[in-house]
Amino acid sequence: MTTATGPRPRIALIGDHGKSPAHARLDSFRHELDVDTEWVPSETIAGPESLEGFDGIWVVPGSPYENKDGVLSAVRHARENGVPYLGTCGGFQHALIEYARTVVGLTDADDVQYDPEAPTPLIVPLTCCLAGEQAPLLLTAGSRLAAVYDDAEMTTETYHCKYGLNADFVERLADAGVLFSGWDTEGAPRAAEVPGHPFFIGTLFQPELVSGPGNVHPLIKAFAAEVAARAAVAA
């Protein structure tokens, strides 16, 4: 689609369409965003060249993905090249895997859904399953995520997941530069971002699930706005 001033900004929706309840919700409102969105099946991603022409990358829920390496290459492309990135549920988990492997040096970091015997089990079953649950989210002051909520200290978010970050690696990732910007009331991380990046946020909660026509979650709006701003500068 084009506008009077040229092509509209484009977001790649990376995932395997139909694997998550969030996908139908996303389809119900994505036409309302001031950007174009296109589903990109994980199995079609061969590397950064598969994402040429996209101004933003959103790794949507639905892990384990058909092509884990393709998803990780998309995350790395966004992180290293300043491409706005949103990762929800599986997109949060894979952002942490990519960072652990590439930046921290934990080259065999993995999600136990792919490898139950992973030498470095970074993503593991949650102590308490959050499938279909709402839970309080404590926000880190000064974070990009907190700014989305007008610098509130706490909010409530909706989850549909069973896996999260292994607590044994929280400090290691934080020491390497990850800012954990959302926490549950027990001190477990529920959101993360990369400081200094234009927009790189991953959340275990799924803002898609509380969005719909005429009511888009503020995090999704903020992401789309950043994508549009980046595209305008690049034009």
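Going by the working numbering, 197 is the number at position 56 of the sequence shown; the sequence numbering is gapless.
For every residue, glycine included, the Cβ atom is placed at its ideal position computed from N, Cα and C.
*Have a look at Pro348, Asp292 and Ala370 and flag the residue whose alpha-carbon is nearest the alpha-carbon of Ser284.*
Here residue 284 corresponds to residue number 143 of the sequence shown, with the count starting at 1. Among Pro348, Asp292 and Ala370, the Cα nearest to that of Ser284 belongs to Asp292.
*Taking the alpha carbon of Tyr206 as the point to measure from, which residue in Val216, Glu184, Pro189 and Glu193 has its own alpha carbon closest?*
By one-based count along the sequence shown, residue 206 stands at place 65. Of Val216, Glu184, Pro189 and Glu193, the residue nearest in Cα terms is Glu184.
_If distances are taken between C-alpha atoms only, which option among Leu237, Ser169, Val212 and Arg220 comes closest to Ala333?_
The count along the sequence shown starts at 1 and reaches residue 333 at position 192. Cα-wise, what sits closest to Ala333 is Leu237.
*Name, in chain order, the residues that DSSP records as bridge partners for Val265.*
Here residue 265 refers to the residue found at position 124 when the sequence shown is read from its first residue. Gly305.
*May I ask you to report which of helix, strand or coil DSSP gives Pro148?*
Here residue 148 refers to the residue found at position 7 of the sequence shown. Pro148: strand per DSSP, three-state reduction.
*Starting from Arg331 and walking both ways along the beta strand (DSSP E), at which residues does that stretch end?*
Position 190 of the sequence shown, counted from the start, is the residue given in the question as residue 331. Counting along the chain, the beta strand (DSSP E) containing Arg331 begins and ends at Pro330 to Glu334.
_Quick test of the definition: if touching needs 3 or more C-beta pairs under 8 angstroms, does the segment 251-264 touch the segment 300-313?_
yes
*Out of curiosity, what's the CA-to-CA distance linking His164 and Thr248?*
Taking the sequence shown and counting its residues from 1, one reaches residue 164 at position 23. Taking the sequence shown and counting its residues from 1, one reaches residue 248 at position 107. Those two C-alpha atoms are separated by around 31 angstroms.
_Please return the same chain residues whose Cβ sits closer than 7 angstroms to the Cβ of Leu286, not counting the five positions on each side in sequence._
As a first step, residue 286 is located in the sequence shown; it is residue number 145 there, counting from the start. Hits under 7 angstroms: Leu280, Ser322, Gly323, Ala332, Glu334 and Ile342.
*Ala276 lies in the beta strand (DSSP E); which residues open and close that run?*
Start at 1 with the first residue of the sequence shown, and residue 276 comes out as number 135. Gln275 to Leu280 is the extent of the beta strand (DSSP E) around Ala276.
*Which same chain residues, not among the five before or five after Glu117, have their C-beta less than 7 angstroms away from its C-beta?*
The requested residue 117 is not part of the displayed model; the chain covers only 142 to 376.
*Do the segment 356-364 and the segment 213-224 make contact, defined as three or more Cβ pairs closer than 8 angstroms?*
no
*State buried or exposed for His301, treating a residue as buried only when at least 16 other CB atoms are found within 10 Å of its CB.*
Taking the first residue of the sequence shown as 1, we reach residue 301 at position 160. Counting Cβ neighbours within 10 Å, His301 comes out buried, since at least 16 surround it.
*asked:* Quick check: the Cα distance between Gly194 and Asp177, rounded to an integer number of angstroms?
replied: Counting from one through the sequence shown, the residue named residue 194 turns up at place 53. Counting from one through the sequence shown, the residue named residue 177 turns up at place 36. Roughly 12 angstroms between the two C-alpha positions.
*Which residue from Glu179, Arg242 and Tyr255 puts its Cα closest to that of Gly156?*
Your numbering for residue 156 matches position 15 in the sequence shown. Taking only the C-alpha atoms, the option nearest Gly156 is Glu179.
_The beta strand (DSSP E) that contains Ser322, what's its start and end?_
Taking the first residue of the sequence shown as position 1, residue 322 is located at position 181. Here the beta strand (DSSP E) through Ser322 covers Leu320 to Trp324.
*asked:* For Ser169, tell me which candidate among Ser352, Ala282 and Val311 has the shortest Cα-Cα distance.
replied: Translated into the one-based positions of the sequence shown, residue 169 becomes position 28. Closest by alpha carbon: Ser352.
*For the segment 186-243, list the alpha helix (DSSP H) runs that are entirely contained and at least 4 residues long, ordered along the chain.*
209-222 and 231-240
*Take Pro260 and list the residues in its own chain whose beta-carbon comes closer than 6 angstroms to its own, dropping the five residues that flank it on each side.*
The count along the sequence shown starts at 1 and reaches residue 260 at position 119. Hits under 6 angstroms: Asp249.
*Between Glu294 and Ala276, which are expected to be in contact by the criterion C-beta below 8 angstroms, what is the C-beta distance as a whole number of angstroms?*
In the sequence shown, residue 294 corresponds to position 153, counting from 1. In the sequence shown, residue 276 corresponds to position 135, counting from 1. Not a contact, Cβ separation roughly 15 angstroms.
*Please look up how many angstroms separate the CB atoms of Val201 and Thr243, rounded, as I've assumed it's under 8 angstroms.*
Numbered from its first residue, the sequence shown carries residue 201 at position 60. Numbered from its first residue, the sequence shown carries residue 243 at position 102. Not confirmed; about 21 angstroms, so no contact.
*Measure the C-alpha to C-alpha separation of Pro348 and Glu258 and round it to an integer number of angstroms.*
Against the sequence shown, residue 348 aligns to sequence position 207. Against the sequence shown, residue 258 aligns to sequence position 117. Cα to Cα, the separation comes out at about 31 angstroms.
*Hey, is Arg371's beta-carbon within less than 8 angstroms of any beta-carbon in chain C?*
Within the model displayed, chain C is absent; a lone protein chain is all it includes.
_Suppose you measure from the CA of Val374 to the CA of Lys160; what does that come to, to the nearest Å?_
Numbered from 1 along the sequence shown, position 233 holds the residue referred to as residue 374. Numbered from 1 along the sequence shown, position 19 holds the residue referred to as residue 160. Spanning the alpha carbons of Val374 and Lys160 requires a straight line of approximately 35 angstroms.
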